[in-house]
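Residue numbers (the working numbering), protein chains in the order written: chain A, -3 to 126; chain B, 108 to 1007.
Glycine included, C-beta positions come from ideal geometry on N, C-alpha and C.
Presented below is the structure to which this report refers.
Here is the structure:
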């Protein structure tokens, strides 16, 4: 949905990712799709940011310093206020067992690196609309 | 006139009856019906196998020729059974206790279980018995010809053309079949054959009845004894010069010996004996049987001499006298009686000899031939049966052969006595074995061999030479023409009957050598024990007061036993200690209860109390288990102990091996997990730059309008990430080569500080770029290490560049300090960065551990640098370690050994 016209304009996305290049890339493509972007580079910061100002969609890397993606996801799903927060998980760990763990923890979309920009954008926008 | 067909048919029916009887008896006894074994009557009747066809026909013949002389043949056994039954009882007792299987076994057992002795006895028995079997075959064929009127005539003279051989062959085949069927049916531990015993007993009745009937017929047909014995006849039969002379005495002696020493007699009297008490019945019943057997010998002889024409064969009077009176049925019955005597002798002799040949000759040879694999195959029972059957066939073949070779001579008739004289050679060894404690195996061997050689020379040789074909010169003029060596007048001893002459010489030499050999030879321990067991056969009952002698013998056995179990040193010490305790000066303890109990306990420590008790009690009282068996038990126990020790050792080894394998397995599993982790990490590390490359490229492709600067920046990222990918792959390959030990590098003596200088120079650019100040303090010592310059530089570049890259201090500095230390040469790379934090040092040097990546300025690290550096240091015999870490910085130290 590159035009981005339909859903809420300016879906607010939080990117939790420690690779600066990836953050830059995701910011670039999602801004072009009309999203409003914030980013953090570790798990603890992600949880703090969600608590402070919950986004519409969380774009979460699995291998994060301090707290990894699983722990962040667990914290989100376990919280009283934003348990329903849509989460897209990105990981360079491409193994099936990782996907299983993530799904059992309640991830909405699980995307393996390297990914197609379009796939990420579509998933984020779809989740932002609901 | 009886035709040959009728006689053959009757004989075959009779044989069939014997087979049936033996078969039924065997079956009864196998079903647990022991009446055969329990019957003293059957036992006594079976002893009468002594009366062969030689006595059946020959006694009358002998009476007709030599008058009363035939009595001696019955007198000897009668005297033994009436007067010397004590000897028989001892033989039977020993036979039971020691499970004796033959006379060869008895003599060899007594003399320390010497197999040589057993072989000697067996050979003598075979030599002595073969002609005897031939004699039986001849009697059967001759009597057959006489009674069937085929080739003989009323004179009972042999046609002598040898055609009787066919009949003899068939008789032999029949006997072989019977003996194999009922004599080797199974292997009883005690070698008893109820079927055979029953058949023999039946035959004993038949021959007795036949002889009695002929006798009664003679008496009645002549109208009483008075008519039969005219004055002239009485004179002729009863008044012979040599009655009660030396020959008479020798014959009585020989027949008395034969009832003990003949292999077949030994078989029925001792081996087949089921109960000692049966001897008591036999003691009077057997002499009674003999009395009945010889009751009508003289009347029949008188009748034959009176009624039959001059020149009639007296040996066939039993048949020809009834035939002359046209009593064909009686003659036929007499024939069956003679047939019975012959067959029963052949059967029992075959069984007895086959046991001896098989046990003492065939089996030892077969078992020694290891290459046959028979000993290891384990199926010894079949082997023994086969060997018995083979032996039976062999014996009958020898008998037939002898018969064939000598059928035309008159030598056969004398063979009975010659055989008696042969087996009489057993007597000295046998009697000495039973009554003389000091008799030794060497003495027995010397005596037996000397006796048999003399017997063969003085009796067998002349008998073979009778028809003048062989040895005639030797007989007439002595060996080598020496008159002194004339077989029938050895050393000038003349004027005696040849039989007396032979017996005197052979038995004298036999006995003398036995005594001399025994006195001049030492007894082996086993021999001593066996001697005690045999001589004191009746004294070994527990609690018997007369054990003093046994005890003195037992002390040596106890010593032997203890040595086998405890070892010589310990056993001897134990004996000596106990002797002192008993206050004995000679160092030999008295085998009293205290000592035996003490010893038993000592032995029990080695073999267990139960076994020790059995062994000790067996050595002390010698009741049922032979000393051999005990020694074997000890050896087996020893083997079991050794075996179990070996097993324990094995299981220890296995345990260790298992532990090592477990460790190895754990290490492999850890390595496997590490490999999985490594692959997973490699995959992760590769995916990260690939993600950047792919996604930026996609963004560039998709974006319609993009500022040129941004596009250029994106392309720069793609370029950098490509380089990162390349260096990552390089590092992975490098590390994997290092770890597998495949990397070989040039090693040289070098100054490590030159590598430090190189490394600092290489990092200068990066330092300038990031504003880091590098300082260096070299050591003054000018150290030399053994190593590869490039690899050492690689470590240092890695350390210094890390110190630069991860340094977020506002005033970033890196200091490199070298020193020579007792451990070797050291270089410290110290920075004032953030430190390693809470990262474990172990993890720090593992692959892809980037301790503080989140605060790193650059992203060019692969995460493998420290792992590679540590591996290179290890390969140089050195060590790389994180020696300091705090919020104010960290310090890595590389230590290398100095070159010698």
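Can the beta-carbon of residue i be found closer than 8 Å to that of residue j?
i               : j              : result
residue 701(B)  : residue 694(B) : no
residue 553(B)  : residue 613(B) : no
residue 380(B)  : residue 150(B) : yes
residue 529(B)  : residue 231(B) : yes
residue 905(B)  : residue 920(B) : no
residue 373(B)  : residue 499(B) : no
residue 58(A)   : residue 87(A)  : yes
residue 1027(B) : residue 468(B) : As displayed, chain B neither begins before 108 nor continues past 1007, which places residue 1027(B) out of reach and without an answer.
residue 321(B)  : residue 428(B) : yes
residue 885(B)  : residue 927(B) : no
residue 446(B)  : residue 121(B) : yes
residue 282(B)  : residue 503(B) : yes
Cα separation between residue i and residue j?
i               : j              : result
residue 767(B)  : residue 775(B) : 12 Å
residue 275(B)  : residue 115(B) : 13 Å
residue 512(B)  : residue 540(B) : 38 Å
residue 393(B)  : residue 188(B) : 7 Å
residue 494(B)  : residue 226(B) : 16 Å
residue 68(A)   : residue 52(A)  : 16 Å
residue 1055(B) : residue 162(B) : Not covered by the structure: residue 1055(B). The range shown for chain B is 108 to 1007.
residue 860(B)  : residue 805(B) : 49 Å
residue 65(A)   : residue 83(A)  : 10 Å
residue 787(B)  : residue 89(A)  : 7 Å
residue 527(B)  : residue 696(B) : 48 Å
residue 670(B)  : residue 310(B) : 54 Å
residue 234(B)  : residue 750(B) : 47 Å
residue 452(B)  : residue 246(B) : 12 Å
residue 831(B)  : residue 876(B) : 19 Å
residue 937(B)  : residue 105(A) : 45 Å
For the ligand FMN, is there any heavy atom lying closer than 7 Å to the beta carbon of residue i?
i             : result
residue 11(A) : By its list of ligands, the structure shown contains no ligand whatsoever, and the ligand FMN lies outside what it can speak to.
State the beta-bridge partners of residue i as determined by DSSP.
i              : result
residue 693(B) : Looking at the DSSP assignment, residue 693(B) forms no beta bridge with any residue, so it has no partner.
residue 996(B) : 993(B)
residue 892(B) : 857(B) and 1005(B)
residue 807(B) : According to DSSP, which records beta bridges pairwise, residue 807(B) is partnered with nothing at all.
residue 83(A)  : 54(A)
residue 35(A)  : 11(A)
residue 78(A)  : Bridge partners of residue 78(A): none, in fact.
residue 81(B)  : As displayed, chain B neither begins before 108 nor continues past 1007, which places residue 81(B) out of reach and without an answer.
residue 938(B) : 921(B) and 997(B)
For residue i, which of the options has the nearest alpha-carbon?
i              : options                           : result
residue 935(B) : 999(B), 883(B), 120(B) and 183(B) : 999(B)
residue 798(B) : 815(B), 826(B), 363(B) and 783(B) : 826(B)
residue 111(B) : 901(B), 363(B) and 439(B)         : 439(B)
residue 460(B) : 926(B), 378(B) and 912(B)         : 378(B)
residue 127(A) : 20(A), 44(A) and 41(A)            : Nothing about residue 127(A) can be read from this structure; chain A reaches only from -3 to 126.
residue 570(B) : 817(B), 610(B) and 525(B)         : 525(B)
residue 543(B) : 243(B), 118(B), 753(B) and 638(B) : 638(B)
residue 280(B) : 428(B), 207(B), 425(B) and 454(B) : 454(B)
residue 972(B) : 984(B), 840(B), 751(B) and 872(B) : 840(B)
residue 317(B) : 807(B), 331(B), 203(B) and 436(B) : 436(B)
residue 376(B) : 144(B), 564(B), 356(B) and 398(B) : 144(B)
residue 984(B) : 819(B), 933(B), 996(B) and 706(B) : 933(B)
residue 791(B) : 62(A), 48(A), 55(A) and 94(A)     : 94(A)
residue 551(B) : 416(B), 869(B), 532(B) and 125(B) : 532(B)
residue 872(B) : 190(B), 907(B), 353(B) and 395(B) : 907(B)
residue 641(B) : 219(B), 155(B) and 185(B)         : 219(B)
residue 645(B) : 123(B), 202(B) and 370(B)         : 202(B)
residue 925(B) : 893(B), 952(B), 882(B) and 941(B) : 882(B)
ask   = Of the residues that make up the stretch 15 to 28 of chain A, which ones have a beta carbon closer than 9 Å to any beta carbon in chain E?
value = The structure shown contains no chain E; its protein chains are A and B.
### Unbroken stretches of the beta strand (DSSP E), 3 residues or longer, contained in the stretch 747 to 776 of chain B
none
* Quick one: complete alpha helix (DSSP H) runs, 4+ long, within the stretch 413 to 440 of chain B? -> List check, alpha helix (DSSP H) in window: 424 to 431.
Problem set entry | Inside the stretch 110 to 180 of chain B only - alpha helix (DSSP H) runs reaching at least 4 residues | 111 to 137, 142 to 145, 147 to 154 and 160 to 173
Q. Which ranges does the alpha helix (DSSP H) cover as unbroken runs of at least 4 residues, wholly within the stretch 388 to 414 of chain B, from first to last along the chain?
A. 404 to 414
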